[in-house]
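Undergrad: Here it is, the structure, as structure tokens.
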Amino acid sequence: MSIRLHNTLTRQKEEFTPIDPGNVRMYVCGPTVYDYAHIGNARPAIVFDVLYRLLRHTYGAEHVTYVRNITDIDDKINARAAEIAASKGVSVEEARVEVTNRTAKQYLDDVAALGCLLPNHTPRATEYVEGMIQMCEALIASGHAYAAEGHVLYDVSSKPDYGKLSRRSLDEMMAGARVEVAPYKKNPMDFVLWKPSDEGVPGWESPWGRGRPGWHIECSVMGGALLGKTFDIHGGGVDLMFPHHENEIAQSEGCHHGAPLAQVWMHNGFLQVEGEKMSKSLGNFITIRELLDTDKFAGQPWPGDALRLAMLSTHYRQPIDWTANALSVAAHTLHQFQNIGEMVLGLGNDADIAAYVANAGLAPSAALMEALSDDLNTPAAIARLHELANTLRAGIDTVQTATQLLTDCIFLGIDPYRFEAVGRARFDEAWIGEQIAARTAARKAKNFAESDRIRDELLSKGIVLKDGPQGTTWEVKR
């Protein structure tokens, strides 16, 4: 089955033909690590994880290379590092290393909780500074860049097709961008490849003095170093199309004599929260960690798989409205799928579904693969899951269908049981057992006020009690 992908560069859905089927390569822009990642950052992580899974299934895991970078040198990072350095009495560079290491780990933990596989490579920008200096030198030598007052700038007038990704003229780009006007620029649209670092700001020695790379050149160099001059797919959020991806194309093509940076460009749509643009000023700025751990958004923590399911319920190229109701629906769906596994297959709360699916040996269903191969049509893929669940409710081919349902879930990176295992691990099971025993004793003594108090206290901590013929059990509140 062929894969069809929408190419932003051509504005068309095209059959995907890798440059080398034995070496399929994809680069996705990752986070700038100075604070917790917000829910908007989760969308490209999840979307391109699904594509990664599809490519691995189609071409073989050993023939696919996925790179998602980490930006660990940036003005926002430097500003945060300066605050930490002042409070701790350390250098800004020491603080930069501390904050980027900590935040990068937070990001990786968060997206893992969303069911994302680890890419083959997660390069950090600071590991490739020498390559960035070399690209600057090559662009100067080819007439695409120039040095001025410790800066190196890309000369956009040197590239007649600059703007071909976003399909905007220089005048349109000028009108829609925040352009830094500086006396050392030949053209206001010329963008920074290298800039000087003052004393106390992290920097590296270069032919133009001590400085640091501009943001755009980082991805060009990391992608080229790990995937080659031209690779198959470059992905990211639609907000990166201009100027970031446009500038990546200009730099890389200028350095590599016109060779395209990527064959296919893919962009996921914007995310808003409850119908409004997400912003700190509106109080609706939500991090992945807050959704996983706290009650800021809707009064309870959410399973990472519910976040993933809710995210995939909208096609990746469409805008998505992130709502508490959508999360509730997704969490309820997960619970239904878990109940199917328990009732039809006899699986317990601590079931390892990935192992169960692997032992069953079923392939993802043809309907699921057809949906995903059509430009990652995840809403159609999720509809397939519901079709299988409805078949089970009708009592048709139960064991085979239930196993297929779980197989398709796992292929999408959704594990209906994962939150049960992860969620329960957050609690002191011995203490909960003591509370259940105390409640049982209170009920036998007809002290219902005490029984209700214990139940309500546990519920306030996210623990739901279930009374049955075999006694009282508990689960994490969904």
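Taking full-length UniProt numbering, I'd label the letters of the sequence shown as residues 1 to 478.
Ideal Cβ positions, reconstructed from N, Cα and C, are used throughout, including at glycine.
Source: prediction; values computed, not measured.
1. Tell me whether R424 sits in a helix, a strand or coil according to DSSP, three-state version.
2. Taking a contact to mean a Cβ-Cβ separation below 7 Å, would you say I84 touches V33 in this structure?
3. If you measure between the beta carbons of H57 and D375, is that distance less than 7 Å?
4. Within this structure, are the beta carbons of C29 and M135 separated by less than 7 Å?
5. Based on the DSSP output, what are the partners of E205 in its beta bridges?
6. Mapping the DSSP letters down to three states, classify H315 as helix, strand or coil.
7. For T71, does the three-state DSSP call read helix, strand or coil?
8. Which residues share a DSSP beta bridge with A148?
9. How long is the line joining the alpha carbons of D35 and A82, rounded to whole angstroms?
10. In whole angstroms, what is the alpha-carbon distance linking D239 and H245?
11. So what's A262 in DSSP terms, helix, strand or just coil?
12. Taking the C-alpha atoms as reference points, what is the distance between Y162 and P260?
13. Label residue 500 either buried or exposed according to how many other C-beta atoms from any shown protein chain fall within 10 Å of its C-beta, with 16 as the threshold for buried.
14. Leaving out five residues on either side along the sequence, give the residues of the same chain with a beta carbon under 6 Å from the beta carbon of R80.
15. Answer yes or no: do L388 and T401 have a C-beta to C-beta separation smaller than 7 Å?
16. Based on DSSP bridge pairs, tell me the residues matched to W322.
17. Quick one: using the 10 Å Cβ neighbour count with 16 as the cut-off for buried, is F191 buried or exposed?
18. Going by Cα to Cα distance, which pick from I454, A438, L372 and L139 is closest to L51?
19. Tell me which residue opens and which closes the alpha helix (DSSP H) that P243 is part of.
20. Looking only at C-alpha atoms, which of A148, V264 and A86 sits nearest to G200?
21. Can V111 and A61 be called in contact, C-beta distance under 7 Å?
22. Helix, strand or coil for M26? Go by DSSP, reduced to three states.
23. Figure out for me which residue from K277, E248, K164 and N101 has the closest Cα to the Cα of P319.
24. I need the DSSP call for residue 512, collapsed to helix, strand or coil.
25. Taking just the CA atoms, how far does G115 sit from T333?
26. Is Y27 near V67, with beta carbons less than 7 Å apart?
27. So, with DSSP's three-state summary, where would you put D467?
28. Please classify T8: is it buried, with 16 or more other beta-carbons within 10 angstroms of its beta-carbon, or exposed?
29. Is it true that the CB of V464 sits closer than 7 Å to the CB of I410?
30. Between L406, I233 and S157, which lies nearest to A351 when the distance is taken from Cα to Cα?
31. If I measure Cβ to Cβ from V422 and keep anything under 7 Å in the same chain, skipping five residues before and after, which residues do I get?
32. Which residues mark the beginning and the end of the alpha helix (DSSP H) in which I410 is found?
33. Going by C-alpha to C-alpha distance, which of M189, T230 and S365 sits closest to A380?
34. Buried or exposed for H144, going by 16 or more other Cβ atoms inside 10 Å?
35. Could you compute how far the alpha carbon of P123 sits from the alpha carbon of M343?
36. Confirm, please, whether the CB-CB distance from A306 to A324 is below 7 Å.
TA: Reading off the structure:
1. In this prediction, R424 has a pLDDT of 49, which is less than 50 and means its spatial position is unreliable; what the coordinates show is noted afterwards. Helix, per DSSP.
2. No, these two residues do not count as a Cβ contact at 7 Å.
3. No; because the gap between Cβ atoms is not below 7 Å, this pair is not in contact.
4. No, the pair does not count as a contact, with Cβ atoms beyond the cut-off.
5. DSSP output for E205 lists no bridge partner at all.
6. DSSP, read as helix, strand or coil, puts H315 in coil.
7. Of the three classes helix, strand and coil, the one that applies to T71 here is strand, per DSSP.
8. Looking at the DSSP assignment, A148 forms a beta bridge with H151.
9. Using only the alpha carbons, I get a separation of about 14 Å.
10. A direct Cα-Cα distance of roughly 9 Å separates D239 from H245.
11. A262 falls in the strand class under three-state DSSP.
12. Using only the alpha carbons, I get a separation of about 13 Å.
13. Outside the shown range of the chain (1 to 478) lies residue 500, about which nothing can therefore be said.
14. Same-chain partners within the cutoff: Y34 and V99.
15. A Cβ-Cβ contact shorter than 7 Å links L388 with T401.
16. Looking at the DSSP assignment, W322 forms a beta bridge with V273.
17. Per the 10 Å Cβ criterion, buried.
18. For the residues I454, A438, L372 and L139, the minimum Cα distance to L51 belongs to L372.
19. Segment: none, P243 is in no alpha helix (DSSP H) and carries neither H nor E.
20. When only C-alpha atoms are compared, the closest one is A86.
21. Contact flag unset, no.
22. Reduced to three states, the DSSP call for M26 is strand.
23. Comparing Cα-Cα distances from P319 to each of K277, E248, K164 and N101, the minimum goes to K277.
24. Here the chain has residues from 1 to 478 only, and residue 512 is not among them.
25. If I take the Cα positions, the gap works out to 16 Å.
26. The answer is yes: Cβ separation under 7 Å.
27. Of the three classes helix, strand and coil, the one that applies to D467 here is strand, per DSSP.
28. Burial is judged here by how many other beta carbons sit within 10 angstroms of a residue's own beta carbon; T8 has at least 16 and is buried.
29. For I410 and V464, no; Cβs fall outside 7 Å.
30. Checking every option, the nearest Cα to that of A351 belongs to L406.
31. Unreliable positioning characterises V422 in this predicted model, as indicated by a pLDDT of 48, which lies under 50. The coordinate reading is nonetheless provided below. Excluding sequence neighbours, V422 sits near nothing in its chain.
32. Run containing I410: T398 to F411, per the alpha helix (DSSP H) assignment.
33. Minimum Cα distance to A380 is reached at S365.
34. Burial check for H144: the Cβ neighbour count within 10 Å reaches 16 or more, so the residue is buried.
35. In a straight line, the C-alpha of P123 is about 45 Å away from that of M343.
36. Contact: no.
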